[in-house]
Amino acid sequence: MDTTQTSDTSNDVQTNSVTLQSGSDSTSASNVNTTGSDNSSEQSSQSNSNSNSTVHAPLLLYSVQTNNDSTTKNGVVSEDGSNYYYVNGQKQTDYFYTNDSGQVYYFGDDGKMYQDQFYSNWGNMYYFGEDGARYTDQFYSNWGNMYYFGDDGVRYTNQFYSNWGNVYYFGEDGVRYTNQFYSNWGNLYYFGEDGARYTNQFYSNWGNTYYFGEDGVRYTNQFYSNWGNLYYFGDDGVRLDNGFYYAWGNVYYFKNDGARATNETVSVDGVGDLYFDNDGVLAYDASGTSQNEFISSIVNGAIEGWVDYGVLPSLTIAQAIIESAWGKSSLSATYHNLFGIKAGSSWTGATVNMSTGEYYNGSYTTIVDAFRAYSSNNDSVKDHSLFLVNNSRYSNLLWDKSSDSVTAKIYQDGYATSPTYTSTLRNVISNYGLTVFDQVAFKIKDMGY
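In the numbering used here, the protein residues as written are 33 to 481.
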C-alpha cells in the first residue's frame, strides 16, 4: 500500500490518500449514488474463474482530511478487513458507486463493499468480483457451472447468448446449458460440451443419430441431403437406419449409415435382396427388361393394397401379369385394365366393350362384355384391391399372409373360371420371387402405416 502525505502549515491541514489495488495510476472517486431496494446477497462458495480476465482501474481506497481534532472520511475506507464508502464522514449503506472507468461497486445494508458476492434486486441477479467491481459482459464459473452477466450487469436467465458465431443458452437458474437438450415452442436444441449450440451438426446418443439444422432446431419428420446422400429423421428426431420409409404410395429404404438406398440392390434382414431405382423407389431389378419394368411399375401399388386393405402383394402382381399378359393385352395396353375386371352394374367410371374368353361347361367360349377403363396402371391396381374388399365373397382372403392360401381362395371365390388359375398364379409367384414383396408389406404395416 502506497501512502502520500502532504502538510500545509498555514492551514494546519493533513491529507492522506491510499489506493487498494496495485497500478501506476490511481482513479479518483466519482460519487454516483444509486440506492438499491428489495436486495439480498449470496456469498460465493468458490473463488470465481473469469474467462474474460477483465483488468479494472485501481480504486481510490480513502481520503481523510484532518483539521485540528476533527477527521472527515470520504471515499472507500478499509476498516477491520472490510471496505466501506463514506461521504463527508457518513458511512453509506445500500449504496452503488461508479468510478470514472465505469466500474460499478455496491455497499450493502451494513455498509460493507460486496466482494465475491451475488446481489439480487427486482428479480435480477448481479455478481461483484473479488475486487468489488460488478461483472459486466463477463462469464463467471462456479462449482462447474458457467454464468454470464450482460452489459447491464444482469445475469442471463432463460436467454440465448451469441458470441463469435456460437449460440449459448442460460437456463432458469442462470446456468449455461452444457451437454443438454433445450425445448422451446415445439423445437428442440442441443448444447454441447463447450456450451455451444449444435448447428448444421449430427449428434449421436444411445445408438441414435440426430441432426440440428442451420437454426439449431433438431430435424423432425424431415429429409436432409448431404454430399449426394439423403437422410430421414422421424417424428422422434432419430435418423432412420436400416429401415423402410413409406410415403406417396412408394417404398424407400435407408441403410445402416442412414443414407437412402439409390440405384442399388440392398440385402434386408428378414426380407431378402431388394432393388431401389434412381429415385430411391422400390423396383423389381435393374435389368431393364419389359417384364421386369412391368413388375416395377405396379409393385408399390400392390404393397399399398396390403397396407390399406389386406390384399397380398404377390397375389396382386401375379394376377396383373396373367390377366394383362404383362401389360400388353388390348384391354391393359390401351385402357390400363390389368385384371380383367368387368364393369358390373355398380361401376360408374369409364367402360369399354371387349371380347373375352370364358370357361363354361367344360370348354372355352368367346363373349363380348363391358370392362372397366382406367387412366393409369396404378389406378387399376388400387381398384383391384377395392374390388376384392367391396365384394364380400373375397373377404376370406383379406389379411391372409400365405400366397398358397390366397391363390386357392380367389379361384374358389369365383374370380376366374379356368381350372388351372390357382396353379398358374403359384408358378408366376415362385418364378419371379414375388413373396419378397409380401415381406416388405408386412414390415411396413408393422411400422404403423
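Note that beta-carbon positions come from the ideal geometry of N, C-alpha and C, so glycine has one too. Keep in mind the model is a prediction, meaning the values are calculated, not measured.
Q233 is the residue among L306, I327, T456 and Q233 whose C-alpha sits nearest the C-alpha of R271. Assignment of alpha helix (DSSP H) within the region 385-420, counting only whole runs of 4 or more residues, yields no such run.
With distances taken between CA atoms, T380 lies nearest to F403 out of F403, T321, S361 and T398. Contact annotation, L347 with V438: C-beta distance approximately 5 Å; criterion of less than 8 Å satisfied. C-alpha of P345 to C-alpha of K475: approximately 13 Å in a straight line. DSSP places K105 in the uninterrupted beta strand (DSSP E) bounded by S102 to E111. Here the C-alpha atom of D401 lies approximately 6 Å from the C-alpha atom of S387.
At least 8 Å separates the beta-carbon of I330 from that of Y464. Counting only runs of 3 or more residues that sit fully inside the region 106-194, the beta strand (DSSP E) segments are 114-119, 127-130, 136-139, 149-153, 156-160, 170-174 and 177-181, in chain order. Nearest to Y151 by alpha-carbon distance, out of G143, K144 and F160, is F160.
For N385, the closest alpha carbon among the candidates V339, Y391, Y392 and T398 is that of T398.
Taking W175 as reference, the option from R208, S408, G239 and Y251 with the minimal CA-CA separation is R208.
Contact between L314 and V472 holds, with the beta-carbon distance rounding to 7 Å and staying under 8 Å.
With contacts defined by Cβ atoms closer than 8 Å, K144 and N106 do not form a contacting pair.
Segment contact: the region 255-270 against the region 286-294, three or more CB-CB distances shorter than 8 Å; contact assigned. Rounded to the nearest whole angstrom, the CA to CA distance from G140 to G227 is 34 Å.
By the criterion of a C-beta distance shorter than 8 Å, G266 is surrounded in its chain by T252, N253 and L272, once the five residues flanking it on both sides are discounted. Here the C-alpha atom of G121 lies approximately 14 Å from the C-alpha atom of E111.
Contact check for V460 against I353 passes: the beta carbons are separated by less than 8 Å. Counting along the chain, the unbroken alpha helix (DSSP H) around Y453 starts and ends at Y453 to N463. The straight-line gap separating the alpha-carbon atoms of Y222 and G480 is approximately 29 Å. Beta-carbon to beta-carbon, S407 and H368 are separated by about 7 Å, close enough to satisfy the 8 Å threshold. Under the DSSP assignment, T297 falls in the beta strand (DSSP E) whose first and last residues are E296 to V300.
Across the set E390, D436 and I373, the C-alpha of I373 shows the shortest separation from the C-alpha of K414. Within its own chain, the residues whose Cβ lies closer than 6 Å to the Cβ of Y426, once the five positions on either side in sequence are excluded, are L420 and D445, listed in chain order. For V472, there is no enclosing beta strand (DSSP E); the enclosing alpha helix (DSSP H) has its first and last residue at T467 to D478. Listed in chain order, the non-local C-beta contacts of L457 below 6 Å within the same chain comprise A350 and T439, local neighbours out to five positions each way being set aside. In this structure, the alpha-carbon of A165 lies about 8 Å from that of Q147. In summary, S435 is buried, with 16 or more beta-carbon neighbours lying within 10 Å of its beta-carbon over all protein chains present. In the DSSP assignment, no residue is bridged to R425. When only Cα atoms are considered, V186 and Q170 end up about 10 Å apart. Around K123, the same chain offers Y116 and G143 as residues with beta carbons nearer than 6 Å, after the five sequence neighbours per side are excluded. Each residue's CA atom was taken as its position, placing Y285 and K477 some 15 Å apart.
Straight-line measurement puts the Cα of D205 at about 52 Å from the Cα of E336.
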